[in-house]
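Note sheet for the following structure.
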Amino acid sequence: MEVSLSATGSWRIDNSDKEYYGDLYLNKDEGGIALYIRIPNNGPIMSFLELPLNIPFIKGSTMNGAKITLLDCIRIKTESRIGSEEVFGYQANYMLDGVDFETKDDIRFSKMKISIPGIIEWGNISNYSRPKYDGKRDVLIELDITEPIEIYSNEVYSLSYFLDSSYPGFNLVQEEITLKQTPYLIIESNSLQPLDWFMSKAKQMKRLIEIAMAEPFGFDKMIIESPEIYYEFDDNEKKPNRAIKVIHANRENIRQKSNNRRRLSHDFLFSLNELRNANFPKWQSISPVMEPIIELYIDSLYNEKLSTSRHFQNMVQALETYHSRRICNTLPDFKKRVEQLISIRPEGFKDEDRNFLLNGSYKYVTLRSRLADLLLADYTFYFYTAEIHHLDFPKVIADTRNYYTHYDKKLEDRALKGEDLINGFHILRNILEFYLLKEFGFEEEFIHERIRERIKPIIISNDVKKADKNQRYD
Numbered sequence: 016m017e018v019s020l021s022a023t024g025s026w027r028i029d030n031s032d033k034e035y036y037g038d039l040y041l042n043k044d045e046g047g048i049a050l051y052i053r054i055p056n057n058g059p060i061m062s063f064l065e066l067p068l069n070i071p072f073i074k075g076s077t078m079n080g081a082k083i084t085l086l087d088c089i090r091i092k093t094e095s096r097i098g099s100e101e102v103f104g105y106q107a108n109y110m111l112d113g114v115d116f117e118t119k120d121d122i123r124f125s126k127m128k129i130s131i132p133g134i135i136e137w138g139n140i141s142n143y144s145r146p147k148y149d150g151k152r153d154v155l156i157e158l159d160i161t162e163p164i165e166i167y168s169n170e171v172y173s174l175s176y177f178l179d180s181s182y183p184g185f186n187l188v189q190e191e192i193t194l195k196q197t198p199y200l201i202i203e204s205n206s207l208q209p210l211d212w213f214m215s216k217a218k219q220m221k222r223l224i225e226i227a228m229a230e231p232f233g234f235d236k237m238i239i240e241s242p243e244i245y246y247e248f249d250d251n252e253k254k255p256n257r258a259i260k261v262i263h264a265n266r267e268n269i270r271q272k273s274n275n276r277r278r279l280s281h282d283f284l285f286s287l288n289e290l291r292n293a294n295f296p297k298w299q300s301i302s303p304v305m306e307p308i309i310e311l312y313i314d315s316l317y318n319e320k321l322s323t324s325r326h327f328q329n330m331v332q333a334l335e336t337y338h339s340r341r342i343c344n345t346l347p348d349f350k351k352r353v354e355q356l357i358s359i360r361p362e363g364f365k366d367e368d369r370n371f372l373l374n375g376s377y378k379y380v381t382l383r384s385r386l387a388d389l390l391l392a393d394y395t396f397y398f399y400t401a402e403i404h405h406l407d408f409p410k411v412i413a414d415t416r417n418y419y420t421h422y423d424k425k426l427e428d429r430a431l432k433g434e435d436l437i438n439g440f441h442i443l444r445n446i447l448e449f450y451l452l453k454e455f456g457f458e459e460e461f462i463h464e465r466i467r468e469r470i471k472p473i474i475i476s477n478d479v480k481k482a483d484k485n486q487r488y489d
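Following our numbering, the numbering of the sequence shown begins with 16 at its first residue and continues without gaps.
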């Protein structure tokens, strides 16, 4: 990442009264923040630990008097220039423009506003509308500013979705006039919190939106507020908060694909409006346990060049991890679960179901058994498995995974390949999405309907291919 010189000034480390001279380098588009402190030295080389390797905050004043605070600084460079100076380079996670603080405990805020470009379709609202023709005047578009939509709130904080809008101003004599809408998350805390607290909430929500839209997204602009940082007006008793712009290293330069196609509701796992029917507190409490599963789920979103077999293996591993973390881990517990599951089955099916679930699980719970359990879905849902019979599906998937993972030539004839492997990936993803919706706390009716909608394009595609193949052989 390239950075360019932005400011020169004096800097204080933590609560120290000692001032250092240094240069600040920035890359605002990518969140690059680097400070190089220069200490004159005509004697021996200074100690490597002359300054700390990690500094919680550095406050500075530029040559023109501007105040700056750098947070979470890590040493990235140490250079000794004999008879000249010592250079200590630091990379910061955050740069707060126009403010400084006395201690790290003072660096706390009540509100964060952070943009996530590309999620406007998920929010499904707009600040612009097409007015109805009244027969008197022709108006192409009107500004209709929307209010923030609350996603979640409790006694600690609230989380909202907000759509900011642009206005072309008064100079309309231009060849090109642009209207822009920017989606933001707004996090408001009932008590003052550090920046990392706000970022953890924002990242958790961004991850959820990525799951919903099946696309990776990055953060962009960040603005923070505190009741202790305000504008002072002599004639006004009420002191309005002064918003602080933050340059931050959490920016992710993810290129959004241009897509003019209007997506349907089932193109998303769930929309902003549908999220209101989920159990948001439940998701927050289990998200740390679910994180490895989510990483596998969205790995293909960030790595489009992965092979089909790698996509397939990611889904298999995600399901295996989900079952062990959220359903059952040890073999004794799994055996108890199996007996509970089949207790509702007619006597004539119990032995068959027991064998289906436990086949091969002698010393530990095998992948085949975990997939069988997930496929049954507590006997509440019937998953589409293409031309693979339900009873054969767990074994076919396990054999395929073992073939691509261990390259066992004995399994080559049984492993899925080509279009069958692609189908296998989509089916596994469909199963995982079923359980993700359950973890989000959606109602059973919504989950079943959405999962059927999500797999429908694969069913139609397979039916068309099958019909075309039959026609060629007739």
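The beta-carbon is built from N, C-alpha and C at its ideal position, and this holds for glycine as well.
Please read all numbers here as calculations on a predicted model, not as lab measurements.
| Item | Value |
| --- | --- |
| Other residues of its chain near R385: CB distance less than 6 Å, five sequence neighbours each side excluded | E335 and H338 |
| Range of the contiguous beta strand (DSSP E) that encloses V102 | E100 to D112 |
| Continuous alpha helix (DSSP H) stretch holding L68: start and end | Neither: L68 is in no alpha helix (DSSP H) and is coded neither H nor E. |
| Beta-carbon gap between L210 and Y109 smaller than 7 Å | yes |
| M228, enclosing alpha helix (DSSP H) - first and last residue | L210 to M228 |
| CB contact flag (K126, P71, <7 Å) | no |
| Cβ-based neighbour list, S273, same chain, cut-off 8 Å, excluding 5 preceding and 5 following | Bear in mind that the predicted position of S273 carries a pLDDT of just 49, short of 50, making it unreliable; the figure below should be weighed with that in mind. Nothing meets the Cβ criterion. |
| Closest residue to K378 among L346, D38 and E289 (Cα-Cα distance) | L346 |
| Rounded Cβ spacing between L507 and F371 (contact assumed at less than 8 Å) | Not covered by the structure: residue 507. The range shown for the chain is 16 to 489. |
| Residues of its chain near K297, where Cβ-Cβ distance is below 8 Å and the 5 sequence neighbours each way are ignored | E454, F455 and G456 |
| 4 or more residues per run - each alpha helix (DSSP H) lying fully within the stretch 289 to 339 | 295 to 317 and 323 to 337 |
| Under the three-state DSSP convention, the category R145 falls into | coil |
| For S273, the three-state DSSP class (helix, strand or coil) | Residue confidence is low: S273 scores 49 on pLDDT, short of 50, so the model does not pin down where it sits. No coordinate-derived value is stated. |
| Terminal residues of the alpha helix (DSSP H) in which Y399 lies | From DSSP, Y399 is part of no alpha helix (DSSP H); its letter is neither H nor E. |
| First through last residue of the alpha helix (DSSP H) which encompasses G3 | For residue 3 there is no data in the structure shown, the boundaries of the chain being 16 and 489. |
| Segment limits, beta strand (DSSP E) that includes D87 | K82 to R96 |
| Distance between L178 and E470 (C-alpha atoms, nearest Å) | Before going on, a small fix: residue 470 reads as Ile here, not Glu. Rounded to whole angstroms, I470 to L178 spans 31 Å at the Cα level. |
| R291 to S21 span [Cα, whole Å] | 44 Å |
| Own chain partners of V171 with C-beta closer than 8 Å, once the 5 adjacent residues on each side are dropped | S204, N205 and S206 |
| Closest residue to R340 among H404, S302 and K320 (Cα-Cα distance) | S302 |
| Counted within 10 angstroms of its Cβ, other Cβ atoms place Q328 as buried (16 or more) or exposed | buried |
| For L421, the three-state DSSP class (helix, strand or coil) | It is His, not Leu, that sits at residue 421 in the sequence shown. Helix, per DSSP. |
| Y36 (DSSP reduced to helix, strand or coil) | strand |
| Residue burial classification, H441 (beta-carbon count within 10 angstroms, cutoff 16) | buried |
| DSSP state of S384 mapped onto helix, strand, coil | helix |
| Inter-residue Cα distance where the pair is I244 and K82 | 13 Å |
| Spatially closest choice to F285 from N139, L86 and V114, by CA coordinates | N139 |
| Cross-strand partners of A22 (DSSP beta bridge) | L39 |
| Exposed unless 16 or more other CB atoms sit within 10 angstroms - verdict on A227 | buried |
| Buried or exposed (CB count within 10 angstroms, at least 16 for buried), H421 | exposed |
| Member of E45, G439, N30 and A413 whose CA lies at the smallest distance from the CA of L382 | A413 |
| C-beta contact flag for L194 and S175 at 7 Å | no |
| Reduced DSSP category for F283 - H, G, I as helix; E, B as strand; rest coil | coil |
| Through-space distance from P242 to K254, alpha-carbon basis | 8 Å |
| Buried versus exposed call for I97 [16 or more other C-beta atoms within 10 Å across all chains shown] | exposed |
| Residues sharing a beta bridge with R53, DSSP | Y36 and V102 |
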